[in-house]
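Top line first, the protein sequences correspond to chains X and G.
Note that my numbering numbers the first sequence so that position 670 is 1174, with each residue one more than the last.
Note that my numbering numbers the second sequence so that position 33 is 56, with each residue one more than the last.
Beta carbons: idealized from backbone N, C-alpha and C, even for Gly.
Below is one structure; the comments refer to it alone.
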Amino acid sequence: MKKNLKIIGKSHKKLDGKERVSGKAVYGHDIELPNMLHGAILRTKYPCANLISIDTSRAEALGGVECVITAKDIEVSNISFKRDHPVLKNGTVNCNRDEIAAVAAVTKEIANKAIRLIDVKYEVKEGVYDPIEALKEDAPRINEFGKGEEKFGNKNIAETFHYDHGDMEEQKAKSHVIVKKTYELPRVTHACMATSNITAEYSEFDGRLTLWSSTQVPFLYQRDIAHALKMDPSKIRIIQPIIGGGFGSKLDMHPFEPICALLSMKSKKPVQILFSREEEFVLSPTRQPMIITLTTGADEKGKFTFREVDIIKDNGAYTSWGATTPFVMMQTFSSLYQIPACSFDSKAVYTNNPFAGSFRGYGNPQATFALETNIDLMAEELGMSKAEIRLKNANFKGEVTGQGLHFKTCGAIPALEKVLEKSNYDQRATERKEGRYLRGVGLGSMLHVGGGAKIYRSDGCGTTLKLDDYGYLTIITGSNEIGQGSETVLAMIAMEELGIDEDKIKVINTDTDVKPWDVGVHASRTSFVAGNSLLGAIKLIKEKLSKKASELLEIESDSWTYDNGVMLANEQEIKIDKVAREIHFGSPHELCSVTYFYEPPSSFQDKEFKGDVSGNYAFASQAIEVEVDTVTGNIAVLGVHVSQDVGRVLNPVGLQGQMEGGVATGVGYALTEEMIYEEGILKNPSFHGYKILTTTDMPPVHFYPIETYDEAGPYGSKGAGEAPLIPTAAAIANAVSDAIGVRFNSLPITPEKILRALSEKKEKELVS
Amino acid sequence: MKIVFKINGKQVSMEVKPSLLLIDLIRDVLKLKGTKPGCLEGECGACSVIVDGEAINSCMYLAINVNGKEVSTIEGLTGTENPLHKVQDKMLEHGAVQCGFCTSGIVMTTKAYSDKCLEEGITPTREEVKKSLEGNLCRCTGYAKIIDAAEAVYKK
Ligand code: FES
Ligand code: FES
């Protein structure tokens, strides 16, 4: 059902855009409190060592230093998803990020100087940097808090997942082709333009702690901080300044955050920690590097039969939320395209590498890369078109997958058809390739949650609305703005429903002492969950308003319309601010204010990871054209066609921005980005060494939204933010293979890899 | 060392250490926080300001070198006749701003380039516009809207 709307579906400028574009927006870096100190952290010199001694006396003696802390000075609990991560390290260090001591001083320079005066004696140990080595019997135990031995029969396993559905043997027997491949995915990082930052202020008088933090999940973070510091969560107030990029990096709480709070507690002054760019690269909780072994089958007509997945993930030294990325990967393997049988096993393995975390797409770019490559290979063996095999197996409306995901709406086929048509796929794919510059086209599709994901005990969001005496509306939402534009969408919804002008709407969303609960920004959920929550609150406030308006105009009506600051029914009208005032000043004297909490209709998955975990599901396809220079090995991405089932477009310009930004990160993942670690040490911690795309690298993105009007979402919409980067690397790799006839099983596909592959290919051709 | 320079139209004179970076002068001494520190290594362009008509990375520029020159920062663009400068208006209109951390630098680079084009009476091609912004990194937008906005600035 498509309802005609005035505001929704039309491009709307960013709500607080003027502040951001004029340099007035206050980011964490811009905060200055009276008497504020600057904190700095001493990190280990070696990724794997015993700490013999830590001497802080020279740092303490330096003028301007107000306090120095090490593990022995603090009373804290281990942090991280598995509580296997000490805030400050004592005894051993396990990766290059490890924090040994921290200083607060009157200037940044003094704090940094003091750090250099701390004398640490190490006994350097041989580290384990390869997860396969770490799984061996004789490998040393990497994390002393890990429960691998008892739980998984191996001391270095941090977490495992097993999933299966269908009759595997029967499906294998039906298979005409079987493709088995192993893929290696690199470590990449968010590279947010603002580095990590925090400002902490502890009040010794009432024991309350205020943190200006760029977390994307403030209420989970409040609990995490409380756990670390052994405090009552309600004594902790989280204020989010403007956030300079998130992309998943701010889902976990990291040691520097409780460290900053501890420095404030000890110095009794506000303390701020800002990361340098190098620290940001070293600290950033990266995307999981993983080794995926994928076996897939199809019958002679090209219908998919089974998938067997075995994944080894490099967990790094500690366990973050990133260990749960299999939740998303299981969905892709079990349910992207129709699949009668699937089995999935993954292990997250401790190593002395830095720990991986969550990153836009949450495991899905890795899974999709493996799967979409295997699909191409099966098509090739069957002699089938790569478009046809995908269309034949595509998901459909009404499908309930082996995992129990219920696709009440599904734009998979329209999205695929759209990119095939727009990229002129059939013609491109059959063109002959000759000369120095070879062109190719590749396909990739994806499935992702579109209506939140019930992995925490509540996946909901609260909203409070306040309509004041002058007709101004304040939306106090639990949800967060991290640049993605969700508060603009909320204001648009309020304008649409209540007929209030944008300049009379405020969105308040940055303070846990004020706003109602929400689980945070993840799983592409914000517009879906916060939008539904707001619609629920609007329904309540309309009840209040219409009751009063009926009373005032002495009419009976339950069909009021709201337009331009006025309420209308039965050809009578009254100004909305007048109604609000009458609610307030007339008997029985109430405020025109309501609170509503929305919990999505999704369910928890059972112990076998089956169940309808999201309010709805997003589908997308990309067709990407590349040109490979066979002399230099350079790959130029000529065009990216993206079609995505977004349910319904809410704010076209904002949505398009999500598409282009996502694709940019996806192209980087495919072609240029890689954190180069040698023996646990990062070799390229700068924008010079780690290449994100620039203006001149960015290909044109052609976006074709598919609207399926899913009942669960606000106005029929689905979550959209993560999807655009998920199939990009897969489609690019398939395009490169189409161009030069060589397959790449690892990312990024660099010019060196291209040239090596081309010369190997030539040698082979010569031999035969 | 004593330096005398103009910032956002105002004449100032002050004592600075020879090692002071322009970005620190702007952010820490003058408290103009709109100029952003993205890397402090000359790689990202977030700290771009205009010195005598040229966009430069203020993290790679010593404060003493502004002696006798004219500096403008993002704060200097607003509030003349309209609350926002044309470049800012276009960025907003085209959806070029997501988190906004790169935005000040992008606005200043575009302003400097558009002034130059105006002076020389040229309308740059899309490729030239891209090239002019190559030193400004953005992780959110994928640049398309930034380029669209910048192109709209040059359109007569
Ligand atoms: S902060 Fe100056 S170039 Fe990045
Ligand atoms: S808008 Fe976030 S870095 Fe450009």
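- DSSP places X:SER850 within a strand segment (E or B) once states are collapsed to three.
- A direct Cα-Cα distance of roughly 9 Å separates X:LYS1043 from X:GLU1001.
- G:LYS113 carries a helical assignment under DSSP once its states are collapsed to helix, strand and coil.
- In the structure shown, the three-state DSSP call for X:VAL1135 is coil.
- A straight line joining the alpha-carbon of X:GLU663 with that of X:ARG691 spans about 19 Å.
- Within its own chain, the residues whose Cβ lies closer than 6 Å to the Cβ of X:THR823, once the five positions on either side in sequence are excluded, are SER584, PHE585, LYS586, ASP588 and ALA662, listed in chain order.
- In the pairwise beta carbon analysis, the segment 835-845 of chain X is classified as not touching the segment 706-713 of chain X: fewer than three pairs are separated by under 8 Å.
- In this model, G:ALA173 and X:THR1198 are separated by some 15 Å (Cα to Cα).
- In the DSSP assignment, X:LEU689 falls within the beta strand (DSSP E) that extends over 681-689.
- When DSSP states are grouped into helix, strand and coil, X:LEU724 belongs to the helix group.
- In chain order, the residues that have a beta carbon nearer than 7 Å to some heavy atom of ligand 2 are X:MET697, X:GLY748, X:GLY749, X:GLY987, G:VAL120, G:GLN121, G:CYS122, G:GLY123, G:PHE124, G:CYS125, G:THR126, G:CYS161, G:ARG162, G:CYS163 and G:THR164.
- Annotation for X:ILE1244: LYS937, LEU942, GLY944, VAL1132, THR1134, ILE1258, ALA1261, LEU1262 and LYS1265 place their beta carbon closer than 8 Å to its own, counting only its chain and skipping 5 residues before and after.
- By the neighbour-count definition (other C-beta atoms within 10 Å, threshold 16), X:MET999 is a buried residue.
- Going by DSSP, X:ILE614 is part of the alpha helix (DSSP H) stretching over 612-621.
- Between X:GLN720 and X:GLY748, the C-beta spacing is not below 8 Å.
- For X:ALA565, the number of other beta carbons within 10 angstroms of its own is below 16, and it is reported as exposed.
- Neighbours of G:PRO60 in chain X, taken as residues at a C-beta separation under 7 Å, are given in chain order as HIS533.
- Residue burial annotation: G:ARG149 is exposed, with fewer than 16 other C-beta atoms found within 10 angstroms of its C-beta.
- Following the DSSP letters along the chain, one finds X:ALA1073 inside the beta strand (DSSP E) bounded by residues 1070-1073.
- In the three-state reduction of the DSSP assignment, X:LYS807 falls in the coil class.
- Using a Cβ-Cβ cut-off of 8 Å, G:CYS70 does not count as an interface residue toward chain X, since no Cβ of chain X sits closer than that to its own.
- In the DSSP assignment, X:VAL1240 falls within the unbroken alpha helix (DSSP H) covering 1232-1244.
- The shortest C-alpha to C-alpha distance from X:ASP534 to any of X:LYS851, X:LYS522, X:GLN744 and X:GLY711 is the one to X:GLN744.
- Cβ neighbours of X:SER557 within its own chain (closer than 6 Å, five residues either side excluded): LYS625.
- Short of 6 Å from the beta carbon of G:SER155, and not among the five residues preceding or following it, lie these beta carbons of its own chain, in chain order: TYR136.
- In terms of Cβ geometry, X:VAL610 and X:TYR550 do not form a close pair [threshold 8 Å].
- Using beta-carbon distances, G:MET114 counts as an interface residue toward chain X, with a partner under 8 Å.
- Taking CB atoms only, G:ILE97 has a neighbour in chain X less than 8 Å away.
- Distance from the CA of X:LEU766 to the CA of X:PRO590, rounded to the nearest whole angstrom, comes to 14 Å.
- The beta carbon of X:ALA638 sits no closer than 7 Å to any heavy atom of ligand 1.
- Using beta-carbon distances, G:ALA167 counts as an interface residue toward chain X, with a partner under 8 Å.
- As summarised for the segment 128-166 of chain G, the continuous alpha helix (DSSP H) elements at least 4 residues long and confined to that stretch are 149-155, given in chain order.
- For G:GLU64, the CB falls within less than 7 Å of some heavy atom of ligand 1.
- Cβ contact annotation for G:ALA78 (same chain, cutoff 8 Å, sequence separation greater than five): SER71, VAL72, MET131, THR132, LYS134, ALA135 and TYR136, in chain order.
- Within chain G, no C-beta atom comes less than 8 Å from the C-beta of X:ILE1139; the nearest is roughly 18 Å away.
- Chain G has a Cβ within less than 8 Å of the Cβ of X:LYS522.
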